[in-house]
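J.: Mind looking over this structure? Questions follow.
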Amino acid sequence: MPMNASEIEILIKEAFPDAIIKIDDLRGDGDHYSCHVISKEFEGKSRVQQHQMVYGSLKGKMGNELHALALQTSTPE
Amino acid sequence: MNENIKTEIENEIQSNNVVLYMKGTPVFPQCGFSAATVGVLNHLGVKFSSVNVLENDDVRQGIKDYANWPTIPQLYVKGEFVGGCDIIREMYESGELGDLLTTKGIEVSK
Numbered sequence: 119m120p121m122n123a124s125e126i127e128i129l130i131k132e133a134f135p136d137a138i139i140k141i142d143d144l145r146g147d148g149d150h151y152s153c154h155v156i157s158k159e160f161e162g163k164s165r166v167q168q169h170q171m172v173y174g175s176l177k178g179k180m181g182n183e184l185h186a187l188a189l190q191t192s193t194p195e
Numbered sequence: 002m003n004e005n006i007k008t009e010i011e012n013e014i015q016s017n018n019v020v021l022y023m024k025g026t027p028v029f030p031q032c033g034f035s036a037a038t039v040g041v042l043n044h045l046g047v048k049f050s051s052v053n054v055l056e057n058d059d060v061r062q063g064i065k066d067y068a069n070w071p072t073i074p075q076l077y078v079k080g081e082f083v084g085g086c087d088i089i090r091e092m093y094e095s096g097e098l099g100d101l102l103t104t105k106g107i108e109v110s111k
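Shown next as structure tokens:
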């Protein structure tokens, strides 16, 4: 069951209110996205921890409804 | 999670320096993300062992629970979870992956 980009954005935004989020639907099929999340919350965290935080915000959808989300995380410059 | 599976995973990642949990095999990956990660490891010329999660549903779920990581592939170096496809690719491009392997005493040929 595909998810649309705005649902993904809403879930991430709920968990990271300060985040700048850029989502691309890579194939236009609602199933393969790339997503870049920039948030201060990531400061001092390892990459694995940063990605786990984003996956956590997606409430178990990653790996299920959401098949493919190429993820990039960073902190504001 | 199932204790037997946990023990099986721990044995696997502790008895091999570099382990990739993936869909399919390095010669015949069955998912683009697994293929990309194999590609990175081959580029670095690092020897690794692999586990095909498609052969065992308990391992497929177990490895996700073990690392608290929802997707496959997953790369382990000296028993430690390093990341999935995106992180591995990012670390490869920045040179961090090669450095990490070298620091851990693992031979990298390129």
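Quick note, the sequences are listed as chains A and B, same order.
Using my numbering, you'd call the opening residue of the first sequence number 119 and step up by one each time.
Using my numbering, you'd call the opening residue of the second sequence number 2 and step up by one each time.
By construction, the Cβ of each residue, glycine as well, lies at the ideal position given by its N, Cα and C atoms.
1. In terms of residues, what are the limits of the beta strand (DSSP E) holding K140 (chain A)?
2. Alpha carbon to alpha carbon, how far is Q190 (chain A) from Y151 (chain A)?
3. Buried or exposed: which applies to Q15 (chain B), given that a residue is buried once 16 or more other Cβ atoms fall within 10 Å of its Cβ?
4. At a CB-CB cut-off below 7 Å, which residues of chain A make contact with I1 (chain B)?
5. Do you know offhand how far W70 (chain B)'s Cα is from D100 (chain B)'s?
6. Counting only the same chain and skipping the five closest in sequence on each side, list residues whose C-beta sits under 7 Å from that of Q168 (chain A).
7. With 8 Å as the limit, tell me which residues of the stretch 72–102 of chain B have their beta carbon closer than that to any beta carbon of chain A; keep them in chain order.
8. May I ask you to list, following chain order, the residues of the stretch 54–69 of chain B that have a beta carbon less than 9 Å from some beta carbon of chain A?
9. Buried or exposed: which applies to G46 (chain B), given that a residue is buried once 16 or more other Cβ atoms fall within 10 Å of its Cβ?
10. Would you mind telling me which residues of chain B sit closer than 9 Å to Y173 (chain A), beta carbon to beta carbon, in chain order?
11. What's the C-alpha gap between E109 (chain A) and S175 (chain A)?
12. My parser needs the beta strand (DSSP E) runs of 3 or more residues fully inside the stretch 66–107 of chain B; what are they?
13. Give the residues of chain B in contact with M180 (chain A), contact being defined as C-beta atoms less than 7 Å apart.
T.: Well, looking at it:
1. Where K140 (chain A) is concerned, the enclosing beta strand (DSSP E) starts and stops at I138 to D143.
2. Between the alpha carbons of Q190 (chain A) and Y151 (chain A) lies a gap of roughly 11 Å.
3. With fewer than 16 other beta carbons inside 10 angstroms of its own, Q15 (chain B) counts as exposed.
4. Absent from the model: residue 1 (chain B). The displayed extent of chain B is 2 to 111, so no value can be given.
5. In a straight line, the C-alpha of W70 (chain B) is about 23 Å away from that of D100 (chain B).
6. The residues are F160 and T191.
7. Residues passing the 8 Å Cβ filter: T72, F82, V83, G84, G85, C86, D87, I88, E91 and M92.
8. Within the stretch 54–69 of chain B, K65, A68 and N69 place their CB atoms closer than 9 Å to a CB of chain A, listed in sequence order.
9. Residue environment for G46 (chain B): exposed (fewer than 16 other C-beta atoms within 10 angstroms of its C-beta).
10. Simply N69, W70, P71 and T72.
11. What the structure shows of chain A is the stretch from 119 to 195, and residue 109 (chain A) is not part of that stretch, so it cannot be assessed.
12. Listed in chain order, they are 75–78 and 81–84.
13. The answer, in chain order, is P71 and T72.
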